[in-house]
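S.K.:
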Amino acid sequence: MKSSFFILSLALIIMPLLATGQPATDDLVSGCVIAAGENTTYLKDFRVQLPKAAPNAAVPVYKANMYLMKNMKYRFTVCDAPESKGELVVTIYDQGKELISSYNKSADHKYSSIDFICNKTGLYTLWFDFINGEQGSGVGVVCMIK
Amino acid sequence: MAGSVTKIVAVILMVSLGSCRNSNTRQGGLGFPVADSVPAGEAVKLSEEAVADIVQNIASPVEIASILQAMQVPFSAGYLAPTHEADRLTTNFQKAIMLGIYGADLGYLNIYEKTGNSIEVLSTIKRLADGLRVGQYFDFETLKRLSLSKSNLDSLLFLSVNSYNQIDKFLRDNNRGSISALMIAGVWIEGQYLATQVALNNHDEVLRDRIGEQKIILGDLLMLLRPYRESSEEYNALYSMMEEISSRYSDVKVSYRLGEPETIEENGRLVMVQHEESIVEMSDAQLAEIAEKSKEIRNKLISGQ
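Top line first, the protein sequences correspond to chains A and B. Numbering-wise (numbering that gives the first Met the number 0), the first sequence opens with residue 0 and increments by one. Numbering-wise (numbering that gives the first Met the number 0), the second sequence opens with residue 0 and increments by one.
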C-alpha cells in the first residue's frame, strides 16, 4: 500500500514534466479509460466535438456504428474536455430504438458511465451529443467488463 | 485499493510516455475529427458504403482472446502466426493483412499475460507499420518496456489496442481505407482461426455462439472489402476467399427472441440487461467446415500465397 502511494506521488510529480506537448485528446482518452474503473479492458474511443445547436434546430449528434456481442458486458464512459461548455452524453440505439442513455432528461441526471449487458450480437448505433445542444468536446470510451 | 492505484498510475505514466514520444511525429495532430452531424431523432438511413465506413469494432484483437481465457483454455504458442514469414512480405496488401493478423496475436499474448513472448511479434508489427507509413502510431519502445516488465498489463492492453485504433483511424481519414479494411480483415481472420481451432477441441456454448454470429459480421466485412475488390488481383483473391468462408455459413441460422430490457441502478451506475437474445443454430459438421476453411485461408494468407 505504501509503495503504491509512493508510485502515485512520483507519478503526480513527473506527470506535469511529461505532459509538455502532449496531445490533449490523448490525455482525455487515458483519463477516461481510468474513469471506466477496475476490471475493464479498453476497446474503443470516440473523440467528439460538436458546435452549439442553432436556434430552433435539431441538436447536433456524432454517431458511430459498433458491433456489440452476446455474452459480453460493456461499459460506456463519457468524459468532457476541460474547455467544453457542454456535458457529453452517450445513447445506445438498436435499430432505431433507444436502449439506454447516460442522461435521464426527466430527472435531469447524468451518469458518467453506463453498463450494457449484451444478449444480442448485432450492430448498434452510438449517439453522442451534448446536453441542451451546447457546444462541447469530449471523449466516449467503450470497455469490456472482465 | 493498491491494485487500483497501481492501475491508475500505470495507465497515466505509460500513456504520458507514449504520447510524448509520438507527439512530434503524429500526423493526426491534436485536433478532434470533424463530427458527423445529423439532427437527433432523424431516422438512420445510410448507404452500404457509409455503413462500411463507420462500422466500428468489426474485429477486436482482444475480445476472442478474453473469451478463451474465461474458458480457461490454456495458452498455446502453436496458434500464433510465425513471425519469420514477415520479412518476405513485399506488397502493402500483404503487410496490411499481416499487421492485422499479428495484432490479433498480440491481443492473445497480452490477454494471457505472455508478454515476454510478445517482443518478436511487437518488432514484426513495428516493421510492418513502418512499411505502411503508420509506424508513428505504434510506440514500440514503450510497448516493449511494458511487455518486459510484465507488471502493467492494463497499460499494455490499452496502448496496444489504442495503437491499432489510431492506425485504423489515420488510414480512414487519409483516404487509405483499402489498407484499413485489409488490417481489419487480418484481425478478423486470425481471431476466427483462434476461435475455431479452440472450439474444435473444447465444447463451449459461448465460443460456439461467437463463431456462429460471425455470419452477421462477415457480411459487413465483405461489404467493407467490396469497394476495393477490383483494385488488384490480390484484393480480388482475398474477397473470393472471404466469400468461401461466408458460403460455409449459409446454413448456420441466427434467430432472435424478443424481450424487454431491464434497467437498474447499481452503485450509482446505470446498468441495462438486455433480454432480447440472438440464438445461433450451428451443427458440429458446420463448425468443422467453417474451421477448416478459416484455417486454410488464414494459412494461405500468412504464407503469402
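Each residue gets a CB set at the ideal place from its N, CA and C atoms; glycine is no exception. Here the structure is a predicted model, which means the values were calculated and not measured.
For Y255/B, collect the residues of the same chain with a Cβ closer than 8 Å to its Cβ; drop the 5 residues on either side in sequence, then sort them by chain order.
M.R.: Position 256 of the second sequence, counting from 1, holds the residue named residue 255/B. The answer, listed in chain order, is E275, E276, S277 and I278.
S.K.: Would you report the Cα separation of S29/A and I215/B, rounded to the nearest angstrom?
M.R.: For the purposes of this step, residue 29/A is identified with residue 30 of the first sequence, where counting begins at 1. For the purposes of this step, residue 215/B is identified with residue 216 of the second sequence, where counting begins at 1. So the alpha carbons of these two residues sit roughly 32 Å apart.
S.K.: Whole angstroms is fine: what's the gap from S162/B's alpha carbon to T141/B's?
M.R.: For the purposes of this step, residue 162/B is taken as the residue at position 163 of the second sequence. For the purposes of this step, residue 141/B is taken as the residue at position 142 of the second sequence. Taken atom to atom, the span from the alpha-carbon of S162/B to that of T141/B is near 12 Å.
S.K.: Using CA coordinates, which residue listed in G135/A, K145/A and I144/A is at the minimum distance from A80/A?
M.R.: Taking the first sequence and counting its residues from 1, the one referred to as residue 80/A is at position 81. Nearest of G135/A, K145/A and I144/A to A80/A, Cα basis: G135/A.
S.K.: By Cβ distance, which residues of its chain are closer than 6 Å to G139/A, with the 5 residues on each side in sequence left out?
M.R.: As a position in the first sequence, residue 139/A is number 140, starting the count at 1. F45, V77, V89 and F127, listed in sequence order.
S.K.: State the Cα-Cα distance for the pair A290/B and L193/B, rounded to the nearest angstrom.
M.R.: Sequence index remark: in the second sequence, residue 290/B carries index 291 (1-based). Sequence index remark: in the second sequence, residue 193/B carries index 194 (1-based). Cα to Cα, A290/B sits roughly 9 Å from L193/B.
S.K.: Should I244/B and S282/B be called a contact, given that it needs their Cβ atoms to be closer than 8 Å?
M.R.: Residue 244/B sits at position 245 when you count from the first residue of the second sequence. Residue 282/B sits at position 283 when you count from the first residue of the second sequence. No, the Cβ-Cβ distance between I244/B and S282/B is not below 8 Å.
S.K.: Check N23/B in the structure and name its three-state DSSP category.
M.R.: The count along the second sequence starts at 1 and reaches residue 23/B at position 24. At N23/B, the pLDDT of 31 sits below 50, so the modelled position is not reliable and the matter cannot be decided from this model.
S.K.: Under 8 Å between the Cβ atoms of K69/A and K119/A?
M.R.: Translated into positions along the first sequence, residue 69/A becomes position 70. Translated into positions along the first sequence, residue 119/A becomes position 120. Closer than 8 Å, so yes.
S.K.: Report yes if the C-beta distance between I99/A and L125/A is below 8 Å; otherwise report no.
M.R.: Looking up residue 99/A in the first sequence gives position 100. Looking up residue 125/A in the first sequence gives position 126. Their beta carbons are not under 8 Å apart, which means I99/A does not touch L125/A by this criterion.
S.K.: Closer than 8 Å, CB to CB, is M156/B near chain A or not?
M.R.: The residue you call residue 156/B lines up with position 157 of the second sequence. The residue asked about is misnamed: residue 156/B is Leu in this sequence, not Met. Judged by the 8 Å Cβ criterion, L156/B is in contact with chain A.
S.K.: Counting C-beta neighbours from all protein chains within 10 Å, is the total for E62/B 16 or more, i.e. buried, or is it exposed?
M.R.: Locating residue 62/B in the second sequence gives position 63, counting from the first residue. Classification of E62/B: buried, given that the 10 Å Cβ count is 16 or more.
S.K.: Compare the C-beta of E275/B with all C-beta atoms of chain A and state if any pair is closer than 8 Å.
M.R.: For this step, residue 275/B is matched to residue 276 along the second sequence. Cβ-Cβ to chain A under 8 Å: yes for E275/B.
S.K.: Return no unless some Cβ of chain A is closer than 8 Å to the Cβ of N161/B.
M.R.: Working through the second sequence from its first residue, we reach residue 161/B at position 162. Residue contact check for N161/B against chain A: a CB pair falls below 8 Å.
S.K.: Kindly list, in the order they appear in chain A, the residues whose Cβ is closer than 9 Å to that of R225/B.
M.R.: In the second sequence, residue 225/B corresponds to position 226, counting from 1. Per Cβ cutoff of 9 Å: no residues; R225/B is ~17 Å from chain A at best.
S.K.: Starting from the Cα of E166/B, find the closest Cα among R268/B, E261/B, A180/B and T123/B and give me that residue.
M.R.: Within the second sequence, the letter at position 167 stands for residue 166/B. The residue asked about is misnamed: residue 166/B is Ile in this sequence, not Glu. With distances taken between Cα atoms, I166/B lies closest to A180/B.
S.K.: Under 8 Å between C-beta atoms, does P260/B make it to chain A?
M.R.: As a first step, residue 260/B must be located in the second sequence, where it is residue number 261. Closer than 8 Å: yes.
S.K.: Under 8 Å Cβ-Cβ, which residues of chain B neighbour I99/A?
M.R.: Position 100 of the first sequence, counted from the first residue, corresponds to residue 99/A. Going along chain B in sequence order, the residues near I99/A (Cβ under 8 Å) are P260, T262, L269 and M271.
S.K.: Measuring straight from C-alpha to C-alpha, what distance separates A184/B and K62/A?
M.R.: The count along the second sequence starts at 1 and reaches residue 184/B at position 185. The count along the first sequence starts at 1 and reaches residue 62/A at position 63. Going from the Cα of A184/B to the Cα of K62/A covers about 23 Å.
S.K.: Unbroken alpha helix (DSSP H) runs of length 4 or more, entirely within the segment 204-236 of chain B: which are they?
M.R.: 204-224
S.K.: Exposed or buried, which one is Q94/A when buried takes at least 16 other CB atoms within 10 Å?
M.R.: Numbered from its first residue, the first sequence carries residue 94/A at position 95. So Q94/A counts as exposed.
S.K.: Indicate whether at least one CB of chain A lies closer than 8 Å to the CB of I210/B.
M.R.: On the second sequence, residue 210/B is found 211 positions in, with the first residue counted as 1. Judged by the 8 Å Cβ criterion, I210/B is not in contact with chain A.
S.K.: Can you give me the Cβ contacts of Y101/B inside the same chain, cut-off strictly under 6 Å, excluding the 5 residues immediately before and after it?
M.R.: Start at 1 with the first residue of the second sequence, and residue 101/B comes out as number 102. Cβ within range, chain order: V120, T123 and I124.
S.K.: How many angstroms separate the CA atom of A85/B from the CA atom of R297/B?
M.R.: In the second sequence, counting from the first residue as 1, residue 85/B sits at position 86. In the second sequence, counting from the first residue as 1, residue 297/B sits at position 298. Using only the alpha carbons, I get a separation of about 14 Å.
S.K.: How big is the Cα-Cα spacing for G303/B and K94/B?
M.R.: Your numbering for residue 303/B matches position 304 in the second sequence. Your numbering for residue 94/B matches position 95 in the second sequence. If you take the alpha carbons of G303/B and K94/B, they lie about 10 Å apart.
S.K.: Is the distance from the Cβ of D107/A to the Cβ of R268/B below 8 Å?
M.R.: Translated into positions along the first sequence, residue 107/A becomes position 108. Translated into positions along the second sequence, residue 268/B becomes position 269. Cβ atoms of D107/A and R268/B: not closer than 8 Å.
S.K.: Measuring alpha carbon to alpha carbon, tell me which of A80/B, N91/B, T89/B and L108/B ends up nearest F74/B.
M.R.: Residue mapping note: residue 74/B aligns to position 75 of the second sequence, counting from 1. The shortest Cα separation from F74/B among A80/B, N91/B, T89/B and L108/B belongs to L108/B.
S.K.: Just to make sure I have the definition right: I need the residues of chain B whose C-beta is within less than 7 Å of the C-beta of S112/A. Which are they?
M.R.: Along the first sequence, one-based indexing puts residue 112/A at 113. Per Cβ cutoff of 7 Å: R268.
S.K.: Consider the Cβ of E232/B: report whether some Cβ of chain A lies at a distance smaller than 8 Å.
M.R.: Locating residue 232/B in the second sequence gives position 233, where the first residue counts as 1. For E232/B, the answer is no, since every Cβ of chain A falls outside 8 Å of its Cβ.
S.K.: Compare the C-beta of G121/A against all C-beta atoms of chain B and say whether one is closer than 8 Å.
M.R.: By 1-based counting over the first sequence, the position of residue 121/A is 122. It does: the Cβ of G121/A has a partner Cβ on chain B nearer than 8 Å.
S.K.: Classify K145/A as buried or exposed, calling it buried when 16 or more other Cβ atoms lie within 10 Å of its own Cβ.
M.R.: Counted from its first residue, the first sequence places residue 145/A at position 146. Around the beta carbon of K145/A, a 10 Å sphere encloses fewer than 16 other beta carbons of the protein chains shown; the residue is thus reported as exposed.
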